[in-house]
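Peer 1:
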Amino acid sequence: MYDHHGSPILNPLWVIAIILIVAALYWLRVLAAPMAFSLFLMALVWPVYQHRAFKGRRALRGLALIVSVMLVLVATAAFLLLIGYGARTVAVGLSLYGERAQETYRAIGLWLEGRGVGLWPTAGDPFSPNGLFHLVHEAVLRINAIMGFVALTLIFLILGLLEASAFQHRLPHALGADAADRLLRAFHILGWKFRRYMLVRTAVSVLTGLLTWIFALMAGLDFAIAWGILAFALNYIPFVGSILAVFPPVLFAIVQFESWQTPALVLLGMTLIQFSIGNLLDPRLEGRALAVSPFAVVFSIFFWGMLWGIPGAFMGVPLTIAFATVCNHFHDACWITRLLTPHNSPAKAKRSG
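Just so we're on the same page, this note's numbering is the position in the sequence shown counted from 1, plus 22.
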């Protein structure tokens with residue numbers, strides 16, 4: 023449909039503009055990250071919001087908005103509850119091994135001090151009153167940040183859904199009929215890709231959770247179902263979630279087992295599961311399903327994670343998909359799409375032809 027053989031325009035002004043845009047996205051991340059997340063959620067719930075059952079009277083449009091927002095709230099609550107259940111189960115399990123946990127931690131600290139590495143002076147004893155207060159304080163700050171992010175995202179989501187129809191009508195007057203038509207087509211394709219991305223992400227997370235649960239059972243690790251649930255929930259955050267899903271069961275294995283062989287086996291097994299799925303299977307599945315090269319998938323996660331932290335790591339792939347999809351509909355920018363997508367990819371041919 024579009025000419026994909028345009029040449030890139032190498033202009034120093036473009037380089038300066040890109041640097042300024044990246045800097046602005048970093049400094050405005052408190053607003054930019056929730057806004058990007060809300061647009062992503064809009065694409066996910068758009069089929070529900072535009073369902074024919076809600077066509078007609080204004081009351082039905084209001085009902086569509088309520089249903090769409092409730093779906094987002096239910097999914098968010100389910101995600102947080104899964105993490106909370108896993109964390110609570112692990113906390114209960116640690117209380118059963120409380121004395122051994124203190125002995126193990128102090129033994130590791132003494133072993134490190136004997137080799138010139140001071141653990142307590144820098145990190146503090148986590149079982150002391152000051153250490154526990156510090157942990158509680160950090161947890162409260164994290165919870166407040168999460169709640170603020172969720173609230174701001176929901177506000178942007180509601181406003182975006184209410185303004186979507188008016189925005190479609192204003193777009194031709196602002197950009198012209200041709201550019202507006204191209205953007206609307208790109209947004210339509212983008213919604214389909216975002217929904218497919220979440221489908222792939224969910225399938226990968228389920229597989230990771232099942233393998234983690236089975237391995238924990240085989241290794242004799244207590245609370246195997248909690249480790250599986252945590253692995254499932256945390257793997258929605260690429261790479262960062264994989265790291266967070268590995269270390270808690272390893273630390274728990276150190277406390278549970280007296281020998282070092284079993285914790286080493288748990289570390290090896292958990293790392294192998296996360297590495298094989300997160301670095302080999304996941305980028306290939308996402309690349310094939312969404313017509314994005316595996317290198318672009320990995321790079322986008324690290325790049326946006328550097329800018330926006332954990333929200334950026336989660337939104338890295340969707341943002342790259344959005345960038346490539348929009349550029350694919352404009353002659354002067356389609357060379358960017360060719361850099362980010364495999365040559366003659368099925369998904370690209372299907373959606374751009």
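Backbone N, C-alpha and C define an ideal beta-carbon position, used for all residues, glycine too.
Since the structure is predicted, the reported quantities are computational estimates derived from the model, not experimental observations.
#1: Distance, Cα to Cα, alanine 238 vs threonine 175?
#2: Rounded to whole angstroms, what's the CA-CA distance from threonine 144 to arginine 164? Just pull it up for me.
#3: Considering only the alpha carbon of each residue, which of Leu243, Ile177, Pro333 lies closest to glutamate 280?
#4: Whether or not the segment 62-73 and the segment 206-220 are in contact is what I'm after, with contact meaning three or more pairs of Cβ atoms, one per stretch, closer than 8 angstroms; do they touch?
#5: Using 10 angstroms around the beta-carbon of methionine 23, count the other beta-carbons present and answer buried if the total reaches 16, otherwise exposed.
#6: Residues in its own chain within less than 6 angstroms of asparagine 166 by CB, not counting five upstream and five downstream?
#7: Counting beta carbon pairs with one atom in the segment 247-255 and one in the segment 89-98, are three or more of them shorter than 8 angstroms?
#8: Using a Cβ-Cβ cutoff of less than 7 angstroms, which residues in the same chain neighbour alanine 371 once the five nearest sequence positions on both sides are dropped?
#9: Tell me whether isoleucine 265 sits in a helix, a strand or coil according to DSSP, three-state version.
#10: In chain order, which continuous runs of the beta strand (DSSP E) of length 3 or greater are located wholly inside the segment 47-117?
#11: Between serine 264 and the rest of its own chain, which residues show a CB-CB distance below 6 angstroms, the 5 nearest in sequence each way excluded?
#12: Alpha carbon to alpha carbon, what distance is there between threonine 347 and leucine 205?
#13: Which runs of the alpha helix (DSSP H) spanning at least 4 residues fall entirely within the segment 213-295, listed in chain order?
#14: What does a CB cutoff of less than 7 angstroms around glutamine 178 pick up in its chain, not counting 5 residues either side in sequence?
#15: Tell me whether the segment 104-118 and the segment 265-277 touch, counting them as touching only if at least three CB pairs, one residue from each stretch, are closer than 8 angstroms.
#16: Got a sec, what are the start and stop residues for the alpha helix (DSSP H) threonine 347 sits in?
#17: According to the Cβ coordinates, are proline 285 and threonine 234 closer than 9 angstroms?
#18: With a cut-off of 8 angstroms on the beta carbons, I'd call alanine 335 and isoleucine 323 a contact; round off their distance for me.
#19: Report the option in Leu42, Thr111, Phe101 whose CA atom is closest to the CA atom of alanine 246.
#20: Given that a residue counts as buried once 16 or more other Cβ atoms are within 10 Å of its Cβ, and exposed if not, what is methionine 292?
#21: So isoleucine 358 is in the alpha helix (DSSP H); what residue range does that whole segment cover?
#22: DSSP three-state call for phenylalanine 352: helix, strand or coil?
#23: Who are the Cβ neighbours of glutamine 190 in its own chain at under 6 angstroms, not counting the five residues just before and after it?
#24: Mind reading off the beta-carbon distance from tyrosine 258 to arginine 223? Whole number of angstroms is fine, and I expect it under 8 angstroms.
#25: Near leucine 362, what residues of its chain come up, given a Cβ to Cβ distance below 7 angstroms and the 5 sequence neighbours on each side ignored?
#26: Closer than 9 angstroms, CB to CB, is arginine 83 near chain B or not?
#27: Tyrosine 71 and leucine 87: beta carbons closer than 9 angstroms?
#28: By DSSP, does valine 320 sit in helix, in strand, or in coil?
#29: Measure the beta-carbon distance from phenylalanine 398 to proline 333 and round it to whole angstroms, keeping in mind my assumption that it falls under 8 angstroms.
#30: Whose C-alpha, out of Trp49, Pro69, Leu47, Ile168, is nearest the C-alpha of leucine 102?
Peer 2: In brief:
#1: 36 angstroms
#2: Confidence is the limiting factor: at threonine 144 the pLDDT is only 46, short of 50, which leaves the residue's position unreliable, though a coordinate-based value still follows. Whole-angstrom Cα-Cα distance: 21 angstroms.
#3: Leu243
#4: Counting Cβ pairs under 8 angstroms, three or more are found: they touch.
#5: Because methionine 23 sits at a pLDDT of 46, beneath the cut-off of 50, its placement in the model cannot be relied upon, and the point is left open.
#6: none
#7: no
#8: Per-residue confidence for alanine 371 stands at a pLDDT of 41, beneath the threshold of 50, marking its modelled position as unreliable; the derived number appears in the next sentence. Correct list: empty, nothing qualifies.
#9: helix
#10: Complete beta strand (DSSP E) runs here, min 3: none at all.
#11: Take serine 264, set aside five residues on each side of it, and the residues of its chain with a beta-carbon closer than 6 angstroms to its own are Gln296, Gly300, in chain order.
#12: One C-alpha to the other measures close to 10 angstroms.
#13: 246-256, 262-278
#14: Reading off the sequence, residue 178 comes out as phenylalanine, not glutamine. Around phenylalanine 178: Pro56, Met57, Ser60.
#15: yes
#16: 332-349
#17: no
#18: 5 angstroms
#19: Thr111
#20: buried
#21: 356-362
#22: coil
#23: none
#24: 6 angstroms
#25: Val314, Ser315, Ala318, Thr342, Ala346
#26: In the displayed structure, chain B is absent; only one protein chain is listed.
#27: yes
#28: helix
#29: Only positions 23 to 375 of the chain appear in this structure, which leaves residue 398 out of reach.
#30: The option with the nearest alpha carbon to leucine 102 is Ile168.
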